[in-house]
Each structure stands twice: as structure tokens, then as C-alpha cells.
Amino acid sequence: MLSFTPSGIYCSQGGFYIDPWKPVEKAVITHAHSDHARWGSKQYLCHPDTAPLLQLRLGPVEVQSQDWGEQLDINGVRVSLHPAGHIIGSSQVRVEYKGEVWVVSGDYKVVSDGISGDFEPVACHHFITESTFGLPIYQWEDQEIIYQQIRQWVLDNQTAGYSSVLLAYSLGKAQRLISCLAPLQQPIYAHGAIANVQEKLIDSGWKLTPVVRVPVEPNRNQLKGSIVVAPPSADGSSWLKKFGPVKVAVCSGWMQVRGNARRRNVDAGFVLSDHADWNGLITAVKATGASSVYVTHGFQAAFSRYLTEQGIEAKEIQTAYGTEEQE
Amino acid sequence: MEPKNRNSNTGMRLFAELVKQLGSSTKTNDKLAALLSYFETAPEADTIWVIALFTGRRPKRTVSSTYLREWCIEQTGLSAWLFEESYHTVGDLAETIALLLPPPTNESSHSLQTYLEALQALSDQEVEAKKSFVLHAWDELNREERFVFNKLITGGFRIGVSQQLLVQALAKLVNLEQSQIAYLISGQWDPRQTSLQQLLSSSYAATDFSKPYPFYLCYPVEGELEALGNPAEWQAEWKWDGIRGQLIKRNGELFVWSRGEELITEKFPEYQGLLNTLPDGLVLDGEILPFMEGKPMPFALLQTRIGRKNITKKQLEAAPIHFFAYDLLEWEGTDWRDQPLQQRRTKLEALVAQVQHPKLLLSPSVNFDTWEELAELRSRSREFVAEGIMLKKKDSVYQVGRKRGDWWKWKTDPMTIDAVLIYAQKGHGRRSNLYTDYTFAVRKDDKLLAFTKAYSGLTDKELLEVDAFVKRNALEKFGPVRTVPAELVFEIAFEGIAASSRHKSGVALRFPRILRWRKDKTVQDINTLEDLQQLLQQFGNEKAD
Numbered sequence: 006m007l008s009f010t011p012s013g014i015y016c017s018q019g020g021f022y023i024d025p026w027k028p029v030e031k032a033v034i035t036h037a038h039s040d041h042a043r044w045g046s047k048q049y050l051c052h053p054d055t056a057p058l059l060q061l062r063l064g065p066v067e068v069q070s071q072d073w074g075e076q077l078d079i080n081g082v083r084v085s086l087h088p089a090g091h092i093i094g095s096s097q098v099r100v101e102y103k104g105e106v107w108v109v110s111g112d113y114k115v116v117s118d119g120i121s122g123d124f125e126p127v128a129c130h131h132f133i134t135e136s137t138f139g140l141p142i143y144q145w146e147d148q149e150i151i152y153q154q155i156r157q158w159v160l161d162n163q164t165a166g167y168s169s170v171l172l173a174y175s176l177g178k179a180q181r182l183i184s185c186l187a188p189l190q191q192p193i194y195a196h197g198a199i200a201n202v203q204e205k206l207i208d209s210g211w212k213l214t215p216v217v218r219v220p221v222e223p224n225r226n227q228l229k230g231s232i233v234v235a236p237p238s239a240d241g242s243s244w245l246k247k248f249g250p251v252k253v254a255v256c257s258g259w260m261q262v263r264g265n266a267r268r269r270n271v272d273a274g275f276v277l278s279d280h281a282d283w284n285g286l287i288t289a290v291k292a293t294g295a296s297s298v299y300v301t302h303g304f305q306a307a308f309s310r311y312l313t314e315q316g317i318e319a320k321e322i323q324t325a326y327g328t329e330e331q332e
Numbered sequence: 025m026e027p028k029n030r031n032s033n034t035g036m037r038l039f040a041e042l043v044k045q046l047g048s049s050t051k052t053n054d055k056l057a058a059l060l061s062y063f064e065t066a067p068e069a070d071t072i073w074v075i076a077l078f079t080g081r082r083p084k085r086t087v088s089s090t091y092l093r094e095w096c097i098e099q100t101g102l103s104a105w106l107f108e109e110s111y112h113t114v115g116d117l118a119e120t121i122a123l124l125l126p127p128p129t130n131e132s133s134h135s136l137q138t139y140l141e142a143l144q145a146l147s148d149q150e151v152e153a154k155k156s157f158v159l160h161a162w163d164e165l166n167r168e169e170r171f172v173f174n175k176l177i178t179g180g181f182r183i184g185v186s187q188q189l190l191v192q193a194l195a196k197l198v199n200l201e202q203s204q205i206a207y208l209i210s211g212q213w214d215p216r217q218t219s220l221q222q223l224l225s226s227s228y229a230a231t232d233f234s235k236p237y238p239f240y241l242c243y244p245v246e247g248e249l250e251a252l253g254n255p256a257e258w259q260a261e262w263k264w265d266g267i268r269g270q271l272i273k274r275n276g277e278l279f280v281w282s283r284g285e286e287l288i289t290e291k292f293p294e295y296q297g298l299l300n301t302l303p304d305g306l307v308l309d310g311e312i313l314p315f316m317e318g319k320p321m322p323f324a325l326l327q328t329r330i331g332r333k334n335i336t337k338k339q340l341e342a343a344p345i346h347f348f349a350y351d352l353l354e355w356e357g358t359d360w361r362d363q364p365l366q367q368r369r370t371k372l373e374a375l376v377a378q379v380q381h382p383k384l385l386l387s388p389s390v391n392f393d394t395w396e397e398l399a400e401l402r403s404r405s406r407e408f409v410a411e412g413i414m415l416k417k418k419d420s421v422y423q424v425g426r427k428r429g430d431w432w433k434w435k436t437d438p439m440t441i442d443a444v445l446i447y448a449q450k451g452h453g454r455r456s457n458l459y460t461d462y463t464f465a466v467r468k469d470d471k472l473l474a475f476t477k478a479y480s481g482l483t484d485k486e487l488l489e490v491d492a493f494v495k496r497n498a499l500e501k502f503g504p505v506r507t508v509p510a511e512l513v514f515e516i517a518f519e520g521i522a523a524s525s526r527h528k529s530g531v532a533l534r535f536p537r538i539l540r541w542r543k544d545k546t547v548q549d550i551n552t553l554e555d556l557q558q559l560l561q562q563f564g565n566e567k568a569d
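Line by line, the protein sequences give chains R and E. Our numbering applies: residue 6 is where the first sequence begins, and numbers increase by one. Our numbering applies: residue 25 is where the second sequence begins, and numbers increase by one.
Here you go:
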């Protein structure tokens, strides 16, 4: 029922695409990251929490929103969204036609982060899964342990007279980090890109910790030893100079491997991911009961071969999703 | 130093913590602070091992990496291919295993020394005993500790700490000059039989007759030669492409050290003839070089001699090794390093003339009056089988380590070839999970022919760009290798070229690396096999293998 076309994942019966990478008539969007929600389509359908983010990113576009579990009929195809646990509003897309069920997972995380909605296993015949961390070297530690390490790092830096700069993607990781840092009860300074998202979410009714925008002419003494959340692009920028001597950390699943952390050339790397780890992927795939699995962006060759060995028919699919920068 | 009573139970934890800090800190001062703090708090018996490990004195390997792989696969229940896939992504076996193993059920209470000595004791044990020890250790070490434990077995602690930094930390710790520390920690000492106090005392150093001096290294010439001032104040020599070494005769014994501080006396039996002719209390700095019919031979021939335990008569004849002396560091048991170069040179020339031994040659100085003249000579370096020119200030003392100012190297421009990328493989260390190891091809008729690999020369940004290209466009997989469409053209530079029957292209290159990415060129513009063959005819020497 779904096919992989040069424009993206396509449902011919319903006449819509899911996360297309080229402009189309009708696009169902799993989540608001830029490799999944692209500019130029005529109509967008997504979860209500994704809608304002989509408008923030793509400008005034025609967005129809649909709650998790709600059913929509598009030309005889039943379409519903289900939580994917990746970022705020992130959803799996379930499509059903004449008893055949497909689920497109988009990006997902099976561990609850308290913000993004809890991943829901959805039974299906065909499951399209990501594989960003589809190798057994990626097995995450409990996020509470990582959160404690991050807070301790911040406190140690303050003792040594440094500001702490945490680099994280502005949509997703940043919200998690801000809630991780909230218990320290200190102002959290945010780069404009992150402040924009945070304010948009608070405006839309989310109970999130507010962040402080950095004034153009800041009182530099006040900013010494402070806590800063910034997107990766801010690394090495003159903007960071406002905070006096800084220690910089990257928070990403890629920090699991020493070489990746060293390549980033930062003072610390925390393994905090918005994606399922190896075991998470396997659990998710098995929970769907799917008899055929399509593995997209990441370690698709390894993960599909592994699934095939486990007796689950799996294919690797080339897509335009996934860049390291976004995790 | 005061004797310390430190808790050895935390030894492994402290060492793992040190390795982590050294690996993640980006500033030299932070690394220095981490080392100092380690030396101040770690069990003393561990610290001597750390100095040994960080200066490349790694213990003999007692467990093969094949077994480590096998046991890890067994412990995790993973397929062998999935283990390999993981390994190629991580780029380091010790780390791969540390990441794959299930969490430990115990906690470690041993020192670094305990693990190292236990590993050494395994050397004559059965495989089952080795396995039981390793599995037991894995089950009591956390991820970071397992990584360093595995590294102790697989060797090679390249973790972002230079010898220079270690010397700096020790100098601070015991309040000695860095040059003094560099000398004290050189040579052949055994961490099992040396205490930190002994190692850092000069009376103990005096008992080691083999001890070399730290090598004086130099930087490439920066900017214009004119900035160096009056040419008459400088001595020029050919820069040879051999192994830098020190030849030592003390206490009636002969020792040969490589620049990597490896004792390599046994590898060059040719030098034994010098034992009876050289005066005692002598240290020479020079180049270990095969030499025949009045000229040096290419490095590839020297390579056939390194890494071999037994040297055959045939090898001795095919690559007759000589010592090209260019400096004299010790004379009649006295350290001459503080004498000006001119004086050391005069003594050296007299010595070589007096000894008259066929294996000991004087590395000649190159005569020149003006910098233009020297530039012209440099451009002809390849005719003399040299890599370029060495420039040494005539009044310079022999310093320790890599220093600017008095000595410079001025290599000849490399040869270059435009080639196309055809295969890529993921790299190691900080290039983990990135396609950074490349194979290049030149054109042969209407086909492409692989002729070299190159791993360095691109900026981090360019590497990411090529990586993305490989990930998006890979055509075929051969294990970890990906073939890619022949589209990206690079200029490959290399220092030497030799005929080789082991390579399909018939040539072997010396120090190939990427000079620049030629985005202005397409695969139509690359060089051909004939171009390579022409370089071989022009600059190639004897057949390498």
C-alpha cells in the first residue's frame, strides 16, 4: 500500500505522502525536524503539538492537525497518529486499507522523557523503522544518571569559575536539557534559536521552564559561571564570548564513541539521545508484530541484516532523512 | 618525593578516569593538571607503569586480539559479522568490546599494577586460564575501566598525551628541568624493577650504560630563508630518508636506539664491527641507511630489515646498512650537548677519519654561499636520494625535543598526481564512524586502476563532506569497504616512488597524502598510469620488493 518514490513514502490509494522530501500536494508529517518536515507542500497533516512548530519553521502553511488515536478517512484509507516519543508532537503514522496495516515510525525513542509523549507500540503488518543507532555499541544508560552527571558537571564548572555551555538541537534535545537543568534553580540562558522554540511551546500551553534571552549589552559579571543552552552552530561563535570562560558539552547519542566526542573537540560529551538505542529498536520492531520491516536512515544495512537473522523479513531503504547534526 | 601510603584498591578507577580526562580535555593545561593530579593521588606502583605506558614501553602481549574478539562474541551472543560491523564503526577494538559487553556484576578493587602483572603472568598459561582471567576482569570493571583494561592487552595508548606533556608534568611534580626528566625517562628501564624515585634520580640513570639522549627534533622551515640571516652562520646537510638513530658505545658495549626510543641493536648486526674500533664513552647521532655503490638506497629497502627477528645473509647483502653520523653528543664519557655544533662537528669529523670503518660514514655538509644556491641544491635533492636539506645553526647546542629557532628541516616539494576516489573505509580514533580512509585510482586506457591509499590531508569539514558523499552514493560493499562512483578528484602528494610487484599498479609510493581536493576537476582530468611510470623512471630507485 505504501511505496518508496523519489519524492518520499507514498500512499497511492490515499494520494498522500508521509514526510516527503520534495514538495507534494498532501503531506502527513511525523515530526517537525527539518529532514522530516520539508518546505513546499500544499497541505500538511500532523499532531496538534507539531502544528505550531511547523508554522514556526515553515512559515504560514496550511496545516490540519489530528490527535493521537483519532481516525481520519482519506479516500478509503484510515489514517491515525500515535506517539513516537522522539520530540514534542512526534508521531508514528498508521495507515490501513482493506485490512492491511502499515506504520511509519519517523524517528522514535522508546524511553519516556516526560515531554515528548510515550512511545506506543502499534500492531501492523509492515513497519518502517529508523536505524540511527542501529548497532549494539549504542546502548544508553538510564537518563536520570546522565541528568545527574550533567548537573554535576555544571556545578563543578561553577566552582572552577566557568560557564557551562550545553550544545543541543533546538527542538527536542534542548527541551529535555532545560528540564534536566531546572532543579538547579538558576537562570538558564538560551540562544535565540532555542528561546524561540521554548517560547512558542510555552505560548501553546506547555508547562516548561522559561529560559532567559541574552541581552545585546549584557552585564558580563552576571553571566560568568552561568548555564547556557545553545544549538551546535553556536560552538566557537563570538556569541559565546559573552559568558566569560566557558566549558562546552555536546549532548548526543553520538557521544557514546570516544572518537566522535574527540572530533567535536569539546570539553565534555554526554550520551543523551532522542532516538531508540539498539535494544530500543529491537523492542519496538518486535512489539509491532510486523512480518515485514523496512529500515531507513542510520545503520540500515546492519539492522536489516540482524532482523533477517532473527526471522523478520527486513529490507534497507535509502531515504533523505537523518543527519548527524540533528541528534 | 615523600613516600606515599595510597589506597591501591582504587588504582584501576583512577587510571580509567585519567585516560578519560586526557582523551576529552581540549586544552594542554587541563591535560597537564589531570596528569599532575593523577601522579599526586594514584598508588605509586601504578604511576611508574603509567610513565612506561605513555612512553610506549608497552608490556608484551599475552592475549591475542583474536581471542578477545571471540570471547566478547561469546559473552554477548552477537554474530561475528555484527561484531565486525561494530568494530569498523568504532575504529578501536578495546573500545568496541567495552561498549558491547553486558554490564558488570562486580566492582573492581585492584590497582593498575595488579592487572598488568597478572596479564604478564599469563604469558606461559593455557588459553583457558587466560580466558578465565579476562572474563573475570570484564565482569568487575565498568565501561571506562574495561576500555583501559582492553587497551593494556591490545597495546598502543594513543590517547592524546604526548611524551612532551608527560615530561612537563613530571618536571613539575619533582621540580626538575624538563630536559633532565626527558633524559631520565629515556632508555631501557623496566617498570617492574624500577620505582618512581629511582627512575627520577640521576645516580640511578648513571647505572644504565645504554641510555640515549633525548633527540633534538626540528620543525619545517617557515617563510623565507632570508629571515634566517647570514648563510655563513648555518650548516646545511642532506636530509636522509632512513631511520634517525643514536649509536652508543659505553662500558665496552654497543647500543643502537631509534628515534622512537626503541633499542634496535640486534636488528643491525653490521654495526657490531664498530665495537672494537670506537672509543668508549661515545654517543653519535645519525641516520641508519642502506648504502651501496656510493649512494643511499630507498627507504623501502630499509623496511625489509625492520620488524624481522632473523636477518638472512641475503638481506644483509641486498640492503647493506651504514651509519651516517651527523652529530656527536658524548665524548670520553662527557656530555657534549652544550658545546656549539661547530665544535661537535670538528670532533666528529676527526673521529670518523680516525676510525676508518666502512660502516661509519660522515653525513657530508652541503656547501653553499647564498640562500639561492641552497634553494637550487634543494631542488635537486632527489638526485642525491635525499628528502631535502637540514639547516643547523653553527653555534647551536643540542636541545631536547622539537624546538624552533636553531635547527630546521627543508624538504623538497613532493611529487603530485591527480587521482579519483574509488573506495572508502571508516577511520579510527577521532575519525570513528566517518569514511576517511581512501583508495585512489589513475586512468589506465579506458579503465581506472587503484594505485594508492591516503588517509590525511583533508580538513575536518572536507572529511564530513566526503563522508556524506560516500554514505549517500555507496555502490557496493566489500566488508567494511565501500565503492563509490568515480567523481571526486584529489591531488595526491608523495615523497618517493619505487617499483613494486606487490601492487597492481606496479608502483609503491612513500608518504602518500591528499594535498588538496580538486573540485575544479572531473574524472576526465586525472593523471594516467603512464604519468606514474614516467615519475618512476625519473625519480624511482632500485626495485623495492
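Glycine included, C-beta positions come from ideal geometry on N, C-alpha and C.
Compare the C-beta of residue 389/E with all C-beta atoms of chain R and state if any pair is closer than 8 Å.
no
Run through DSSP, which three-state label would residue 439/E get?
The answer is strand: DSSP assigns residue 439/E an E or B state.
Checking 8 Å against the spacing of the C-beta atoms, do residue 261/E and residue 403/E come in under that value?
8 Å or more divides the Cβ of residue 261/E from the Cβ of residue 403/E.
With a Cβ-Cβ cutoff of 8 Å, do residue 275/E and residue 233/E count as a contact?
Yes.
In DSSP terms, what residue 300/R is bridged to
134/R and 321/R
Evaluate the contact criterion for the stretch 283-300 of chain E versus the stretch 355-372 of chain E: three or more CB pairs, one atom per stretch, below 8 Å.
no
Using the beta-carbon count (16 or more within 10 Å), is residue 480/E buried or exposed?
exposed
Contiguous alpha helix (DSSP H) assignments of at least 4 residues, all confined to the stretch 527-563 of chain E:
553-563
With burial defined as no fewer than 16 other Cβ atoms inside 10 Å of the residue's Cβ, what is the status of residue 553/E: buried or exposed?
buried
In chain order, what residues of the stretch 138-154 of chain R put their CB closer than 7 Å to some CB of chain E?
140, 141 and 142
Cβ pair residue 443/E, residue 514/E closer than 8 Å:
Yes, they are a contact pair.
Tell me the rounded alpha-carbon separation between residue 76/E and residue 63/R.
58 Å
For residue 109/E, which residues in chain R fall below 7 Å Cβ to Cβ?
Correct list: 140 and 307.
What do you reckon, are the CB atoms on residue 124/R and residue 290/R nearer than 8 Å?
no
Grab the span of the alpha helix (DSSP H) containing residue 63/E for me, first residue to last.
52-65
Chain E contact residues for residue 267/R, given Cβ-Cβ distances below 8 Å:
47, 48, 184, 453 and 454
Interface residues of chain R around residue 115/E at Cβ under 7 Å?
264
Would you mind telling me which residues of chain R sit closer than 8 Å to residue 103/E, beta carbon to beta carbon, in chain order?
311 and 314
State yes or no: is the beta carbon of residue 251/R nearer than 8 Å to at least one beta carbon in chain E?
no
Among residues of its own chain, excluding the 5 on either side of residue 85/E, which ones have a beta-carbon nearer than 8 Å to its beta-carbon?
177, 178 and 179
With C-beta atoms as the reference, is residue 37/R less than 8 Å away from residue 48/R?
no
Use the C-beta contact count for residue 158/E: other C-beta atoms within 10 angstroms, 16 or more gives buried, fewer gives exposed.
buried
When the Cα atoms are used, what is the spatial distance from residue 437/E to residue 320/R?
Straight-line measurement puts the Cα of residue 320/R at about 50 Å from the Cα of residue 437/E.
If you draw a straight line from the alpha carbon of residue 218/E to that of residue 71/E, how long is it in whole angstroms?
11 Å
Ignore the nearest five residues each way along the sequence and tell me which others in residue 238/E's own chain have a CB closer than 8 Å to its CB.
203, 206, 207, 210, 424 and 425
Identify every residue that forms a DSSP beta bridge with residue 351/E.
309/E
Please list the terminal residues of the continuous alpha helix (DSSP H) segment that includes residue 47/E.
Boundaries of the alpha helix (DSSP H) harbouring residue 47/E: 35-48, taken from the DSSP string.
Examine chain E for any beta-carbon lying closer than 8 Å to the beta-carbon of residue 10/R, and answer yes or no.
Chain E contact via Cβ: absent.
To which residues of the same chain is residue 254/R closer than 8 Å at the C-beta, ignoring the five residues directly before and after it?
If we look at residue 254/R and ignore the five residues flanking it on each side, its Cβ neighbours are 155, 158, 169, 170, 171, 172, 271, 272, 273, 274 and 275.
Would you mind sorting residue 561/E into buried or exposed? The rule is 16 or more other CB atoms within 10 Å of its CB.
exposed
Can you give the Cα-Cα distance for residue 316/R and residue 309/R, rounded to whole angstroms?
11 Å
C-beta neighbour in chain E for residue 24/R, strict 8 Å:
no
Does the ligand NAD have even one heavy atom less than 7 Å from the beta-carbon of residue 168/R?
Looking for the ligand NAD in the displayed structure turns up nothing, as the structure carries no ligands at all.
Cα-Cα separation, residue 306/E to residue 272/E
If I take the Cα positions, the gap works out to 6 Å.
Going by beta carbon distance, what residues of the same chain come within less than 8 Å of residue 332/R, once the five residues before and after it are set aside?
137, 174, 178, 257, 258, 259, 278, 279 and 280
Under 8 Å between C-beta atoms of residue 220/E and residue 52/E
No, the Cβ-Cβ distance between residue 220/E and residue 52/E is not below 8 Å.
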